[in-house]
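To keep things clear, I will list the structure first and then write my remarks on it.
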Amino acid sequence: DLSPGYAGVENPLYTKRSGVHLMRGDAKESLSTMIAWLN
């Protein structure tokens, strides 16, 4: 959810440029992709 929410406070994880990677989508597929990156 990219909306700021009820209080209007933005989530810094969506705008932080380094140290964070947001993976959106199906959890099973995302985990499979992450495991492949680690192997």
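In terms of my numbering, the sequence shown has 96 at position 10, counting the first letter as 1, and numbering is strictly consecutive.
Virtual Cβ for every residue (Gly too), placed ideally from N, Cα, C.
Here the structure is a predicted model, which is why all the values come from computation and not from measurement.
Can the beta-carbon of R118 be found closer than 8 Å to that of M109?
The residue given as residue 118 occupies position 32 in the sequence shown. The residue given as residue 109 occupies position 23 in the sequence shown. According to the sequence provided, residue 118 is Ser. The question's Arg does not apply to it. Going by C-beta atoms, S118 is not nearer than 8 Å to M109.
Enclosing alpha helix (DSSP H) for E115 [first to last residue]:
Numbered from 1 along the sequence shown, position 29 holds the residue referred to as residue 115. In the DSSP assignment, E115 falls within the unbroken alpha helix (DSSP H) covering 113–124.
Reducing DSSP to helix, strand and coil, say where Y92 ends up.
Within the sequence shown, numbered from 1, the residue matching residue 92 stands at position 6. The three-state reading of DSSP puts Y92 in coil, since its state is none of H, G, I, E or B.
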